[in-house]
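**Q**
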Amino acid sequence: GESVGLHLPTLSVQEGDNSIINCAYSNSASDYFIWYKQESGKGPQFIIDIRSNMDKRQGQRVTVLLNKTVKHLSLQIAATQPGDSAVYFCAENMEESGGSNYKLTFGKGTLLTVNP
Amino acid sequence: EAEVAQSPRYKITEKSQAVAFWCDPISGHATLYWYRQILGQGPELLVQFQDESVVDDSQLPKDRFSAERLKGVDSTLKIQPAELGDSAMYLCASSLRAGPYEQYFGPGTRLTVT
Numbered sequence: 064g065e066s067v068g069l070h071l072p073t074l075s076v077q078e079g080d081n082s083i084i085n086c087a088y089s090n091s092a093s094d095y096f097i098w099y100k101q102e103s104g105k106g107p108q109f110i111i112d113i114r115s116n117m118d119k120r121q122g123q124r125v126t127v128l129l130n131k132t133v134k135h136l137s138l139q140i141a142a143t144q145p146g147d148s149a150v151y152f153c154a155e156n157m158e159e160s161g162g163s164n165y166k167l168t169f170g171k172g173t174l175l176t177v178n179p
Numbered sequence: 615e616a617e618v619a620q621s622p623r624y625k626i627t628e629k630s631q632a633v634a635f636w637c638d639p640i641s642g643h644a645t646l647y648w649y650r651q652i653l654g655q656g657p658e659l660l661v662q663f664q665d666e667s668v669v670d671d672s673q674l675p676k677d678r679f680s681a682e683r684l685k686g687v688d689s690t691l692k693i694q695p696a697e698l699g700d701s702a703m704y705l706c707a708s709s710l711r712a713g714p715y716e717q718y719f720g721p722g723t724r725l726t727v728t
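Here the protein sequences come in this chain order: Y and C. Sequential numbering from 64 applies to the first sequence in our numbering. Sequential numbering from 615 applies to the second sequence in our numbering.
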């Protein structure tokens, strides 16, 4: 079936560097994407979202890029800080058949470790 | 800032026992979701409510799991009887309405079945 996946399960960066977390999705019908951050023992925390009619969206220190041609999503974190250490999930939202429901499907996650 | 509340935060139970989780979504959010998250994996949807109605329970193991949202506000997820494979994090989320909108997650309930 359709799935959302991540290229790299772990990413280790130095404090102050920029981080890039990648995500591949396979469902061309997906029209909304979300990046979540999950710290150990906590629920996922919304970071940023993007709709399929956009290629790029910026937040505070974060940027999401969407390439619909190759079905690729990335999260860029500028000036990565130790507090950014967490598991990052991309999720795609797709309208189910009949238009009665949208379903959010998560990828497996990438563990980001920031070294001081 | 409004948050999704869940209780308990941790639950240890023996297999074959019954267990229940509670969720209070953000006020005014019509859509409520229950997810299960196995360690190292992303959350997987179990059931979705729109107000008090179930709109998607296709992934809910209905022989042992049940969920309700009687007044369209808070919700309860029950497992009876619990099995060892049910050990996981159970997450509740809510959104203003169904569709391509941000889902806000609660802190989750960590269930351990022994």
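The C-beta atom is built at its ideal place from N, Cα and C for all residues, glycine as well.
1. What residue does the beta strand (DSSP E) around residue 158 of chain Y start on, and which one ends it?
2. Less than 8 Å between the beta carbons of residue 637 of chain C and residue 700 of chain C, yes or no?
3. Between the region 96-113 of chain Y and chain C, which residues of the former have CB atoms less than 8 Å from a CB of the latter, in chain order?
4. Within a Cβ cutoff of 7 Å, which residues of the same chain sit near residue 641 of chain C, ignoring the five residues on either side of it in sequence?
5. Among C:623, C:627, C:654, which residue has its Cα nearest to the Cα of residue 171 of chain Y?
6. Excluding the 5 residues flanking residue 92 of chain Y on each side, which residues of the same chain have their C-beta closer than 6 Å to its C-beta?
7. Are there 16 or more other CB atoms within 10 angstroms of the CB of residue 703 of chain C, so buried, or fewer, so exposed?
8. Within 10 angstroms of its Cβ, does residue 709 of chain C collect 16 or more other Cβ (buried), or is it exposed?
9. Applying a beta-carbon distance threshold of less than 9 Å, which residues of chain Y neighbour residue 713 of chain C?
**A** With the given structure in hand:
1. 149-158
2. no
3. 97, 99, 104, 105, 106, 107, 108, 109, 112
4. 616
5. C:654
6. 157
7. buried
8. buried
9. 95, 156, 158, 164, 165
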